[in-house]
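**Student:** Okay, here's the structure, questions in a sec.
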Amino acid sequence: MNPAVPITTVDGRPAVEIVNHEGEVWTYALAAERGPAGWTCYQVARTDDPEGAHRHTVRTNGQSWECSCPAWRYRRRWNRTSCKHVDSVRALGPWLKALEG
Ligand SMILES: [Zn+2]
1 MNPAVPITTV
11 DGRPAVEIVN
21 HEGEVWTYAL
31 AAERGPAGWT
41 CYQVARTDDP
51 EGAHRHTVRT
61 NGQSWECSCP
71 AWRYRRRWNR
81 TSCKHVDSVR
91 ALGPWLKALE
101 G
């Protein structure tokens, strides 16, 4: 079961809201790109942070998933199977399929 993910728009583009470990809500604009190996979804938060720390890249080939964030990299050590960014993209799947008709 996918978690409920708030969906919104930023400048007319789809975006998701993700709560960080400090309880702050970050809004990430989404962009998706289909390549030979599957889908890549870019999540970029609107922020003035010049270091661009609030961006993630989620990839899937339809079978497995991966994310560029530290939580994904260390998920086994932290005894988790996923991260918030992968969860958010997975939750959007049924919505995107519905749009395709
Ligand atoms: Zn992640």
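To convert, note that position 22 of the sequence shown is 22 in the numbering used here; the numbers rise steadily by one, no gaps. For every residue, glycine included, the Cβ atom is placed at its ideal position computed from N, Cα and C. In this text the structure is predicted, and so the values were computed from the model without any measurement.
Put V19 into one of helix, strand or coil per three-state DSSP.
**Tutor:** What you label residue 19 is simply residue 19 of the sequence shown in a count that begins at 1. Note: V19 maps to strand in three-state DSSP.
**Student:** Could you give the DSSP three-state label for P14: helix, strand or coil?
**Tutor:** On the sequence shown, position 14 is the one that residue 14 refers to. Assignment of P14 by DSSP, reduced to helix, strand and coil, places it in the strand class.
**Student:** Closest to W39 by CA distance: which of W95, V5, V89 is it?
**Tutor:** In the sequence shown, the residue the question calls residue 39 occupies position 39. Measuring from the Cα of W39, the nearest candidate turns out to be V89.
**Student:** In chain order, what residues of the same chain have a beta carbon less than 6 Å from the beta carbon of A29, not counting five sequence neighbours either side?
**Tutor:** Along the sequence shown, one-based indexing puts residue 29 at 29. Result list for A29: V10, R13, A15, V44, in chain order.
**Student:** For ligand 1, any of its heavy atoms closer than 8 Å to the Cβ of W72?
**Tutor:** In the sequence shown, the residue the question calls residue 72 occupies position 72. Indeed, a heavy atom of ligand 1 lies less than 8 Å from the Cβ.
**Student:** Say the cut is 8 Å; is the CB of V58 nearer than that to a heavy atom of ligand 1?
**Tutor:** For the purposes of this step, residue 58 is taken as residue 58 along the sequence shown, with counting starting at 1. Flag set: Cβ of V58 near ligand 1.
**Student:** Under 9 Å between the Cβ atoms of W95 and I18?
**Tutor:** On the sequence shown, position 95 is the one that residue 95 refers to. On the sequence shown, position 18 is the one that residue 18 refers to. Taking 9 Å as the Cβ cut-off, W95 and I18 do not qualify as a contacting pair.
**Student:** Out of R55, R59, E24, which has the shortest C-alpha to C-alpha gap to G35?
**Tutor:** Reading the sequence shown from its first residue, position 35 is the one you call residue 35. Nearest option by C-alpha distance: R59.
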